[in-house]
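Asker:
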Amino acid sequence: MKFKVIDAKALSTIFDVLSEFMDTVTIIVTKEGIKMGGIDPSRVAFIDIFLPSKYFEEFELTSDEYLGIKLSDVSAVLSRTTKEDSLIVETNEGKINFTLQGEFERSFSLPLINPEEQKSPTLNLQFPFKARILTSAFSDVMSIMEDMGEAVTFTSEGGKLYISVEGDMGTSKVELSTESGNLVDSQGSDASSTYSIYYITKISKMKSSSDILEVSFGSQIPIKLHYELPQEGYGDFYVAPRVE
Amino acid sequence: MRKIPAELCVRCKGNKHLCGLSSCPIVERFRTIVNITLKVSAKESIDGSTPPSVVVGESSYPRVSLLFNVPPGVSGEDAREYENPKDWWGKRSIYEILNLRSSMISNVLKTKVDDVWKLYEREISLTTVSENPVLSMSKVNGEIKPSLKFDGYLMPRGPSINSADIKVIENPKLSRLMEKMIFDDVKASEGVIELYKNNHDLYKIINALSMGLLGRKKSRKLVPTRWAITAVDSVVGKDLLSKVREYDSINEVEVYFQQYLGNIFHVILYPSSYRVAWIEIWHPLSLWSNELVISELSENYWGVYDFMDGGYMAARLAVLESLENRKRSAGVIIVREITKDYFAPLGNWHIRETVRRAMQNKIATLDSLSKGIEFVESRLSKGVNLKSLKSVNGILTQRAIDSFLDYQGKH
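Top to bottom, those sequences are chains L and D. Under my numbering, the first residue of the first sequence is numbered 1, with each subsequent residue one higher. Under my numbering, the first residue of the second sequence is numbered 1, with each subsequent residue one higher.
1. Which partner residues does residue 213(D) have in the DSSP bridge list?
2. Assign residue 7(L) to one of two classes, buried (16 or more other C-beta atoms within 10 Å of its C-beta) or exposed (fewer than that).
3. Thinking C-beta only, is residue 232(D) closer than 8 Å to residue 202(D)?
4. What is the DSSP secondary structure of residue 92(L), counted as helix, strand or coil?
5. Does DSSP put residue 319(D) in a helix, a strand or coil?
6. With three or more C-beta pairs closer than 8 Å as the rule, is the segment 118–130 of chain D touching the segment 190–198 of chain D?
7. Judging by CA-CA distance, which residue of 28(D), 390(D), 67(D) and 295(D) is the nearest neighbour of residue 57(D)?
8. Pick helix, strand or coil for residue 302(D), following the three-state DSSP scheme.
9. Quick check: residue 27(L) and residue 87(L), are their CB atoms within less than 8 Å of each other?
10. Applying the 10 Å Cβ sphere with the 16-neighbour rule, what's the burial state of residue 76(L)?
11. With distances taken from CA atoms, which of 252(D), 334(D), 208(D) and 108(D) is nearest residue 63(D)?
12. Return the residue from the list 376(D), 375(D) and 319(D) that minimises the CA-CA distance to residue 352(D).
13. Where do the N-terminal and C-terminal ends of the alpha helix (DSSP H) with residue 307(D) fall, by residue?
14. Return the CA-CA distance between residue 91(D) and residue 85(D), expressed in angstroms with no decimal places.
15. Distance, Cα to Cα, residue 109(L) vs residue 17(L)?
16. In its own chain, which residues sit with a C-beta less than 6 Å from the C-beta of residue 301(D), not counting the 5 before and 5 after it?
17. On the criterion of 16 or more Cβ atoms from any shown chain inside 10 Å, does residue 46(L) qualify as buried, or is it exposed?
18. How long is the line joining the alpha carbons of residue 218(L) and residue 312(D), rounded to whole angstroms?
19. Can you list the residues of chain L that residue 394(D) reaches, using a CB-CB cut of under 8 Å?
20. Among 49(D), 50(D) and 55(D), which residue has its Cα nearest to the Cα of residue 227(D)?
21. Inspect the beta-carbon positions of residue 52(L) and residue 233(L) and report whether they are closer than 8 Å.
22. Consider the C-beta atom of residue 66(D) and the heavy atoms of the ligand GDP; say whether any pair is separated by less than 7 Å.
23. Quick check on the DSSP output: the beta strand (DSSP E) that includes residue 85(D) runs from which residue to which?
24. In the DSSP assignment, find the beta strand (DSSP E) that holds residue 165(D) and state where it starts and stops.
25. In whole angstroms, what separates the C-alpha of residue 112(D) from that of residue 294(D)?
26. Examine chain L for any beta-carbon lying closer than 8 Å to the beta-carbon of residue 400(D), and answer yes or no.
27. Is the Cβ-Cβ distance between residue 65(L) and residue 91(L) less than 8 Å?
28. Relative to the alpha-carbon of residue 93(L), which residue among 120(L), 55(L), 2(L) and 156(L) has its alpha-carbon at the smallest distance?
29. Near residue 21(D), which residues of its chain fall below 6 Å by C-beta distance, leaving aside the five closest residues on each side in sequence?
30. Could you tell me which of 166(L), 226(L), 195(L) and 39(L) sits nearest to residue 258(L), measuring between CA atoms?
31. Do the segment 249–259 of chain D and the segment 218–226 of chain D touch if we need at least three Cβ pairs shorter than 8 Å?
32. With a threshold of 16 other CB atoms inside 10 Å of the CB of residue 304(D), please say whether the residue is buried or exposed.
33. Where does residue 181(D) fall in DSSP's three states?
34. Indicate whether the contact test is met: 3 or more Cβ pairs, each with one atom in the segment 111–121 of chain L and one in the segment 158–168 of chain L, closer than 8 Å.
35. Among 387(D), 322(D) and 339(D), which one has its Cα closest to the Cα of residue 263(D)?
36. Below 8 Å on C-beta distance, what does residue 45(L) contact in chain D?
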């Protein structure tokens, strides 16, 4: 198996965000593309990432492969990736090789670990409210909120999205709407739910891989953060709510 | 420490308990200082065996004070009891510990943190990790400063005197592994873990780290004891946590309990992946506080905690040790109550030791976390609503993602 991406930074960010949630992951490579994810060990978040074969500049595969990798190692070798780099990933006799091509070429070889059993669960939820937002705007909001408290509440009211945090010092609230231009679009009914800010903030780092994010939630159900990736790829992050 | 209005003490003179404490700390202190100065007056040297006991100060770092503690006139095995936290537990009262500690004299040596090898050659550092008390003689100059030192992390210390020279008279007795770690050129954290895994006393490991006996040879330095205590707790804790996180969770809610020195501990373990809430309830008239004060700290699955607290690190270590022994993971809530009986800080060793004992004393098994919290609440002094605390509320309200998932093909 061998694949190549022109934007190495985008792919390394995906591994980076994943590594914040889990120690290991199994990459499933089929002719459709690459799938990876799972439930984080604290059992609050579920991650489902899909990169179609078209996402890649080159994509070679003879038969389906299940590749177990240690994310902290991958994240470490890819930590110095720059915007100018492209990345080639290939497997070879129990090893996975990463080659960064840019100003100069760097190669890393890591051992593959036993792939975990894949259960591929799904979430069939009806989300009463959905809105699309620029990933950079969402990340800015979350970094403002991060220090204010530990629970973040998403509320929809008349098509507007409110993100608020109740902290020791007081309450902070951000209003986002299509009228003010900070939502791309929004639809659905009024709802409200609270989540641990810790998880949401970590997910918001996906901004380096994706431009547009769809936020879906309802009352007392998980929030879905759907990061749109090129060529109909996606990074879906579900976080379970806090329920009083 | 809590300020007692001087007017009160003047009227009281230590007899009427106007401050609300069950005995007068001023009198207590005075008594022990009188004892000590009588023994050492008009002498130019202080002889005695160190239990061993040493403190590296942190003020004016990197030029620090090394305090080499010796009970004057006490030698051999008798000296051990002056710093013996593991055996003190459950037997020694707060008064007895104060008495023991304040009958030691701190011989103060000014030194640079880089002078590790000089202290090593004079066998001063080896003495501090000795298995047995070691006889020493200190040439003193100046006057004894008759004051007691208290600290939240360190054990209380007695009066101090500047020392011109400390001579080690007996041979320190070191374990073979300790000797090996001193000669080996391995990272300090590896040395700490190696010693811990081979059942070395945590307090000896702290001394070894503090005296610069562990670590890469060219980068060895003295480490202020207060930092070394927490460093050892967190290095060992990190190692244990990396294993505990991987284990299966327990199935029921378990409540553990123990108390010592006016500190009451309840530990709740509940089925969950690893995470911790640490709650401290300072009763009115306890050491640092005039009113009921509650402080809390949370640690998540990844081992990220809100802030560093030496007391928390000590308690956490004790809980992780117990989970590692059982090869189980759990969510953890530790509730520490500090009552007015804890009127002088004795260091954080008793937190570590009491929680270690608590983990061997299960008092209830319940079927829900909510019930576990209510059970502990009913045993606390009135007016404390655990469920309203941010850390506990965060645990009780967080849903697991599993309950929203569909597993396709699951029969």
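Glycine included, C-beta positions come from ideal geometry on N, C-alpha and C.
Answerer: So, from the listed chains and residues:
1. Residue pairing by DSSP places residue 213(D) opposite no residue, since no beta bridge is assigned to it.
2. With 16 or more other Cβ atoms within 10 Å, it is buried.
3. It is a contact, given that the beta carbons lie within the stated cut-off.
4. strand
5. helix
6. With fewer than three CB-CB distances shorter than 8 Å, the segment 190–198 of chain D does not count as touching the segment 118–130 of chain D.
7. 67(D)
8. Coil at residue 302(D), not helix or strand.
9. No, Cβ-Cβ distance for residue 27(L) and residue 87(L) is not below 8 Å.
10. exposed
11. Among 252(D), 334(D), 208(D) and 108(D), the Cα nearest to that of residue 63(D) belongs to 108(D).
12. 319(D)
13. Taken as a continuous stretch (DSSP letters only), residue 307(D) belongs to no alpha helix (DSSP H), as it is neither H nor E.
14. 10 Å
15. 21 Å
16. Result list for residue 301(D): 273, 274 and 275, in chain order.
17. buried
18. 38 Å
19. Here the neighbours are 150, 151, 196 and 242.
20. 55(D)
21. Contact: yes.
22. Absent from the structure shown: the ligand GDP. Ligands present: none.
23. Note, residue 85(D): premise wrong, no beta strand (DSSP E); alpha helix (DSSP H) at 85–88.
24. Residue 165(D) -> beta strand (DSSP E) spans 160–168.
25. 40 Å
26. yes
27. yes
28. 2(L)
29. 343
30. Here chain L covers residues 1 to 244 and nothing more, so residue 258(L) does not appear.
31. no
32. exposed
33. helix
34. no
35. 339(D)
36. 401
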